Every structure is written in C-alpha cells, then in structure tokens.
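Asker: So the protein sequences, as listed, match chains P and Y. Quick note on our numbering: the first sequence kicks off at 10 and runs consecutively. Quick note on our numbering: the second sequence kicks off at 10 and runs consecutively. All C-beta atoms in this analysis are idealised placements derived from N, C-alpha and C, irrespective of residue type, glycine included. In this text, all values refer to a predicted model and were calculated from it rather than measured experimentally. Below is the structure I would like to discuss, written out as structure tokens.
Number of protein chains: 2
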Amino acid sequence: MKTITIIGSGNVATQLGLALYSEGFDVVQVISRTLKNAKKLATYFQAKASSNINDLIISDIVLIAVNDDSIAEVVEKIFQHQPKPYELKPLILHTSGTCSCIILKNKNWESGVFYPLQTIKKTQYIDFREVPIIYFSDSKNTLNNIKKIATSISNKTVVMNDEQRVALHTAAVFTNNFTNHLIAIAQDICKQNGIKFKLLEPLLAETFEKLLKKTAFNNQTGPALRKDTKTLKKHLQLLQSSNYIDVYEIMTKQIQQMHLHKSLS
Amino acid sequence: MKTITIIGSGNVATQLGLALYSEGFDVVQVISRTLKNAKKLATYFQAKASSNINDLIISDIVLIAVNDDSIAEVVEKIFQHQPKPYELKPLILHTSGTCSCIILKNKNWESGVFYPLQTIKKTQYIDFREVPIIYFSDSKNTLNNIKKIATSISNKTVVMNDEQRVALHTAAVFTNNFTNHLIAIAQDICKQNGIKFKLLEPLLAETFEKLLKKTAFNNQTGPALRKDTKTLKKHLQLLQSSNYIDVYEIMTKQIQQMHLHKSLS
C-alpha cells in the first residue's frame with residue numbers, strides 16, 4: 010500500500026485525497042497553511058495534520074495541491090527540509106494545469122504532474138472515474154508510476170506535455186470559469202428585474218445539449234450574429250448602469266469577428 | 010381552424026411555423042424577402058409563397074418572425090397595403106425578445122408579442138412543449154387569444170411586459186449566445202494546440218450539472234477566483250497572438266469584482 014502526504018487542503022487536495030484514499034492509498038499526513046483546515050481534511054484519513062512543512066513526512070507520494078503561485082515555495086521548503094538523498098526516492102507530484110513540471114525537478118526525488126481536468130469543490134462529491142487525469146514526467150519510469158496512480162482512480166488518463174497542458178487549462182477556464190460567470194451575470198440580471206432564472210433553464214439545457222452534437226461555432230444564434238442593431242442597443246441600455254456592459258460589448262464584437270473571419274476564410 | 014400568414018423564413022419562423030402547423034393551425038402563406046426561402050418553408054404547409062408584402066393574405070393570425078431591425082418596416086408595409094378596417098380584426102404578432110409591443114399597435118388589428126425563449130435553428134428539431142412562450146398584449150381580450158395559441162404548443166407560457174422581456178432576453182443572450190461563444194473559443198484554442206475538445210466534455214457536463222444545483226456564483230472555481238497571478242500570466246501569454254486576450258482579461262476582472270463585491274456586501 011502506497012503512502013501519501015497531501016500538501017494543501019483546498020478543493021483539489023480534498024477531493025483528490027478522498028478519491029485516492031477510497032482506492033486504497035494510505036494518506037498519512039495533511040499539511041496546510043491553516044492548521045484547522047489540515048486537521049479537518051486529515052480526519053477523513055485518520056492522518057496526521059500540520060501547518061508546518063518542517064513536519065513533513067516523506068511518503069511514497071507527496072501530492073502538492075496548492076495554489077499555482079505557492080508551488081515553488083512549497084518545493085523549496087521540502088528541499089530545505091530534507092535535502093539529502095532518500096533511500097527510496099519519493100514521487101513528488103503537483104496538480105496544476107499550468108505550472109511546468111520542471112519546477113519539481115530534483116535528483117533526490119521522482120517528479121511529475123497529476124492534473125485532474127474538472128471543476129472541483131470541497132463540498133460536492135465528484136466521480137473521479139469520469140475525470141480526465143492529465144499527467145506528465147520527463148522520465149519514462151516515473152511516467153509509468155504516475156500512470157498506475159492515475160488509472161487507479163480514473164478511466165480517462167492522458168499524457169500531455171507542459172505546453173499542451175497550458176493550452177488545455179486555458180480552454181478549461183473558458184469552458185468552465187468564464188461560462189459559469191456568464192450564467193452568474195444572467196442570474197444577477199434576472200434578480201435585478203424580478204425574473205426567476207428557472208425560466209431560462211430550458212435554454213441553458215438546450216445550449217448544453219447542442220454543444221454535444223455540433224461545434225459551438227455552428228450553434229450560434231442571436232442578435233450579435235444577426236447584427237440586430239436595435240436589439241443590441243436596447244440590451245446595452247438595460248445594462249448601462251451595471252458592471253456588465255463591457256462584457257456584453259466585447260462578446261458581441263467577438264461573435265461578429267469570428268463569424269466574419271470564418272466566412273471570409 | 011385558425012389561418013396563419015408567416016412573415017419571415019428564418020430559424021424562428023420555420024420552427025414556430027412547424028409547431029403551430031402540427032397543432033392544427035392552417036399556415037396559408039409564407040412571405041420572405043427571398044422568394045426561394047419563402048417557397049422552401051411554404052412547401053411544408055402546402056402554403057402560398059411570396060417575396061412581396063403586397064401579396065399579403067390577411068389571415069386570422071399574421072406572425073412576424075423577422076430580424077428585430079426589420080419589424081417596423083414590415084408593420085408599415087402591412088398598413089400601407091391594407092389600411093382599411095377588416096371585418097374580423099386579424100391578430101398581428103411579433104416574436105422578438107426585445108422589440109416593444111407598441112410597434113404593432115393599430116386600431117385595425119389586434120396585436121401582441123409571442124416570444125419563444127429558446128435558441129432555435131432551422132435545421133434542428135425542437136420540442137416546443139418545453140419552450141417557454143413569453144407573451145403580451147395591453148388588451149385583456151387579445152391576451153386571452155394569444156394565451157390560447159401559446160398553450161396549444163407549449164406547456165410553459167408566461168405573461169411579461171416589455172421591460173421585463175428585454176431583461177429576460179438580455180439574460181438569455183448571456184446564457185446562450187455568449188456561453189456558446191466561449192465554448193467556440195475553447196474549441197478554437199484546442200484546435201490550435203492539437204487537443205481534442207472531447208477531453209473537455211466531462212468538464213462542460215459538470216459545469217452544466219452544477220448550475221442546476223447551485224447558483225453560478227457559488228459554483229465558481231479557477232485561477233481568476235484564486236488570484237493565481239502566475240497562472241493568469243501564462244494563460245495570457247498563450248493567448249497573446251490570438252483575438253481572445255480581451256475576453257480573457259475582462260472575464261477575469263469581472264469574476265474578481267463580483268466576488269469582491271459580494272464578500273463586502
């Protein structure tokens with residue numbers, strides 16, 4: 010049974026930890042900046058908890074699931090903490106969609122990337138079988154080891170280098186975060202105008218259904234595409250005193266540009 | 010059996026015409042700027058086709074399903090064509106989400122709005138039972154007549170005045186057109202980088218699933234929300250030579266503003 014130390018206690022640390030634990034990995038320690046959060050997550054695994062990286066237990070796998078901006082700092086601390094060669098080299102992984110795998114590179118350990126391509130919330134159960142795990146290492150042997158971990162929790166595992174993973178992550182931000190934000194705006198517009206968003210759910214469902222059948226470009230409809238200037242003007246009037254006018258303008262311009270560009274090419 | 014003249018031959022004219030026809034309405038004429046399109050749609054109903062509004066047959070219902078920008082022009086032509094009072098006042102409807110109902114007002118006919126809240130394509134079958142029909146008239150009697158038509162094709166009919174309908178339509182543009190465009194961008198980023206978009210389909214599905222359970226605001230994750238500056242920078246680098254950098258920047262700023270605003274309020 011492989012032992013794991015999890016660094017981080019956020020959405021990814023929590024759900025990935027639970028998925029690995031339920032597949033028989035032995036989570037022995039959780040380290041998080043906030044002790045309370047570390048303890049809360051560690052409780053699931055009957056693991057140790059700490060807020061101090063100097064308490065680090067070098068397990069078979071050290072899973073760094075922290076903000077991208079903090080990964081380098083964590084790695085530096087691990088190295089300062091135990092710079093000597095280990096008898097058995099641990100496998101250090103980070104879960105970032107964008108951070109290079111080079112950042113982890115060190116002769117004292119194996120290292121690689123283990124990026125779950127999904128929107129993950131601490132509080133919402135997620136079936137990892139359906140979550141693509143994008144993994145990478147520049148060592149063939151390590152790549153095989155990571156693959157074993159990935160396939161133990163997911164049916165969809167893909168090797169991808171740093172450059173492609175950044176592109177994939179950027180596309181994921183458009184697919185999830187930005188899309189989700191547009192719906193947050195739509196929900197706010199409804200609220201401001203005494204309309205129940207429920208009325209828009211069939212439209213939301215159809216939007217999604219159509220995307221599974223055709224490419225988004227071919228599904229486009231609406232006033233931007235039709236260049237209904239009167240309609241666009243009325244929508245802008247409605248949004249005048251809101252924060253959303255810039256988004257409306259840029260999305261409208263972009264839709265028109267993309268369709269002009271493709272019709273010319 | 011009520012007779013209908015359809016003005017327009019686009020997405021809404023086509024699918025709404027088919028839905029009404031299948032519920033027993035007698036579509037007697039299709040008028041469209043392009044005769045070929047009028048004929049193509051008219052064929053479904055064994056109806057007459059014309060590209061000249063002077064050929065207009067004043068049916069029980071005249072359904073104006075043209076670009077918002079063209080509605081006023083169509084109404085003016087109808088009036089010029091037959092300015093005299095009819096024995097039985099026809100019911101003139103437009104299908105716009107934004108255009109005022111006042112534009113149709115005339116003592117010679119009844120008038121109102123009949124707006125199907127859905128993304129509609131000529132070429133894709135749509136089940137109108139599930140499409141909310143937003144309708145309006147300032148005459149109570151007319152309102153009842155429109156309701157009968159609406160309930161004959163849809164299980165979801167809602168009376169809504171002009172102001173609310175504009176807000177609903179604006180929210181619909183965010184929900185569908187803009188969301189769809191973000192996915193078009195994501196698909197283009199994937200294509201440019203040799204990645205199959207299929208890999209992002211579980212993320213797209215989860216994004217949608219979560220929206221049916223919680224408000225979008227509470228579902229937000231990702232680098233903008235976490236303020237992962239390194240990640241944001243890498244994504245912007247990737248997009249540098251593309252048309253998408255403005256969208257990325259404004260959406261990121263907006264997500265951060267909305268969450269700051271709500272956390273302060």
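Which residues in the same chain as residue 57 of chain P place their Cβ atom closer than 6 Å to its Cβ, once the five residues preceding and following it in sequence are excluded?
Answerer: Locating residue 57 of chain P in the first sequence gives position 48, where the first residue counts as 1. If we look at residue 57 of chain P and ignore the five residues flanking it on each side, its Cβ neighbours are 38.
Asker: Residue 42 of chain P CB to nearest chain Y CB: under 9 Å?
Answerer: As a first step, residue 42 of chain P must be located in the first sequence, where it is residue number 33. So, not an interface residue.
Asker: Looking at the C-beta of residue 253 of chain Y, does it have a partner C-beta in chain P at a distance below 9 Å?
Answerer: By 1-based counting over the second sequence, the position of residue 253 of chain Y is 244. Chain P, which has a Cβ nearer than 9 Å to the Cβ of residue 253 of chain Y, makes this yes.
Asker: Would you say the region 107-114 of chain Y touches the region 156-164 of chain Y, given that touching needs at least three Cβ pairs under 8 Å?
Answerer: The region 107-114 of chain Y, when compared against the region 156-164 of chain Y, does not touch it at the 8 Å Cβ threshold.
Asker: Looking at the structure shown, is residue 15 of chain P part of a helix, part of a strand, or coil, going by DSSP?
Answerer: Position 6 of the first sequence, counting from 1, holds the residue named residue 15 of chain P. In this structure, residue 15 of chain P counts as strand in the three-state DSSP scheme.
Asker: With DSSP as the reference, label residue 145 of chain Y as helix, strand or coil.
Answerer: Position 136 of the second sequence, counted from the start, is the residue given in the question as residue 145 of chain Y. Correct three-state label for residue 145 of chain Y: strand.
Asker: Which residue comes first and which comes last in the alpha helix (DSSP H) that contains residue 247 of chain P?
Answerer: On the first sequence, residue 247 of chain P is found 238 positions in, with the first residue counted as 1. That run of the alpha helix (DSSP H) goes 238-248.
Asker: Which residue comes first and which comes last in the alpha helix (DSSP H) that contains residue 121 of chain Y?
Answerer: Here the question's residue 121 of chain Y lines up with position 112 in the second sequence. No alpha helix (DSSP H) holds residue 121 of chain Y; the beta strand (DSSP E) holding it covers 119-125.
Asker: Can you give the Cα-Cα distance for residue 145 of chain Y and residue 28 of chain Y, rounded to whole angstroms?
Answerer: As a working mapping, residue 145 of chain Y is identified with position 136 in the second sequence. As a working mapping, residue 28 of chain Y is identified with position 19 in the second sequence. In a straight line, the C-alpha of residue 145 of chain Y is about 19 Å away from that of residue 28 of chain Y.
Asker: Between Y:186, Y:12, Y:72 and Y:157, which has its C-alpha nearest residue 19 of chain Y's C-alpha?
Answerer: On the second sequence, residue 19 of chain Y is found 10 positions in, with the first residue counted as 1. Looking at the Cα atoms, Y:72 is the closest of the given residues.
Asker: Since residue 181 of chain Y and residue 241 of chain P should fall inside the 8 Å C-beta cutoff, what is the C-beta to C-beta distance between them, to a whole number of angstroms?
Answerer: Position 172 of the second sequence, counted from the first residue, corresponds to residue 181 of chain Y. Position 232 of the first sequence, counted from the first residue, corresponds to residue 241 of chain P. Not quite, the Cβ-Cβ distance comes to about 14 Å (not below 8 Å), so this is no contact.
Asker: Which partner residues of residue 78 of chain P appear in the DSSP bridge assignment?
Answerer: Here residue 78 of chain P refers to the residue found at position 69 when the first sequence is read from its first residue. Residue 78 of chain P pairs with nothing; no bridge assigned.
Asker: What residue range is occupied by the uninterrupted beta strand (DSSP E) comprising residue 166 of chain Y?
Answerer: In the second sequence, counting from the first residue as 1, residue 166 of chain Y sits at position 157. Taken as a continuous stretch (DSSP letters only), the beta strand (DSSP E) holding residue 166 of chain Y covers 166-168.
Asker: Determine the contact status of residue 187 of chain Y and residue 75 of chain P, defining contact as a CB-CB distance below 9 Å.
Answerer: One-based indexing of the second sequence puts residue 187 of chain Y at position 178. One-based indexing of the first sequence puts residue 75 of chain P at position 66. Not closer than 9 Å, so no.
Asker: Could you list which residues in chain P have their beta carbon closer than 7 Å to that of residue 187 of chain Y, in chain order?
Answerer: The count along the second sequence starts at 1 and reaches residue 187 of chain Y at position 178. Here the neighbours are 191 and 260.
Asker: Distance, Cα to Cα, residue 233 of chain P vs residue 262 of chain P?
Answerer: Residue mapping note: residue 233 of chain P aligns to position 224 of the first sequence, counting from 1. Residue mapping note: residue 262 of chain P aligns to position 253 of the first sequence, counting from 1. Computed Cα separation, rounded: 8 Å.
Asker: Strictly under 9 Å for the Cβ-Cβ distance: is residue 82 of chain Y near chain P by that measure?
Answerer: Position 73 of the second sequence, counted from the start, is the residue given in the question as residue 82 of chain Y. Not an interface residue.
Asker: Where does residue 70 of chain P fall in DSSP's three states?
Answerer: To locate residue 70 of chain P, count along the first sequence from 1; it is residue 61. Of the three classes helix, strand and coil, the one that applies to residue 70 of chain P here is strand, per DSSP.
Asker: Quick one, which residues of the region 192-216 of chain Y are near chain P if we go by CB-CB under 9 Å, in chain order?
Answerer: Correct list: 192, 193, 194, 195, 196, 197, 198, 199, 201, 202, 203, 204, 206, 208, 209, 210, 211, 212, 213, 214, 215 and 216.
Asker: Verify whether the separation of the beta carbon atoms of residue 193 of chain P and residue 217 of chain Y is less than 9 Å.
Answerer: What you label residue 193 of chain P is simply residue 184 of the first sequence in a count that begins at 1. What you label residue 217 of chain Y is simply residue 208 of the second sequence in a count that begins at 1. No.
Asker: If residue 204 of chain P sits next to residue 177 of chain Y, beta carbons under 8 Å apart, how far is it from one beta carbon to the other, in whole angstroms?
Answerer: For the purposes of this step, residue 204 of chain P is identified with residue 195 of the first sequence, where counting begins at 1. For the purposes of this step, residue 177 of chain Y is identified with residue 168 of the second sequence, where counting begins at 1. Their Cβ separation, rounded to whole angstroms, is 5 Å, which keeps residue 204 of chain P and residue 177 of chain Y in contact under 8 Å.
Asker: For the beta strand (DSSP E) that contains residue 36 of chain Y, what are its first and last residues?
Answerer: Counting from one through the second sequence, the residue named residue 36 of chain Y turns up at place 27. Start and end: 35-40.
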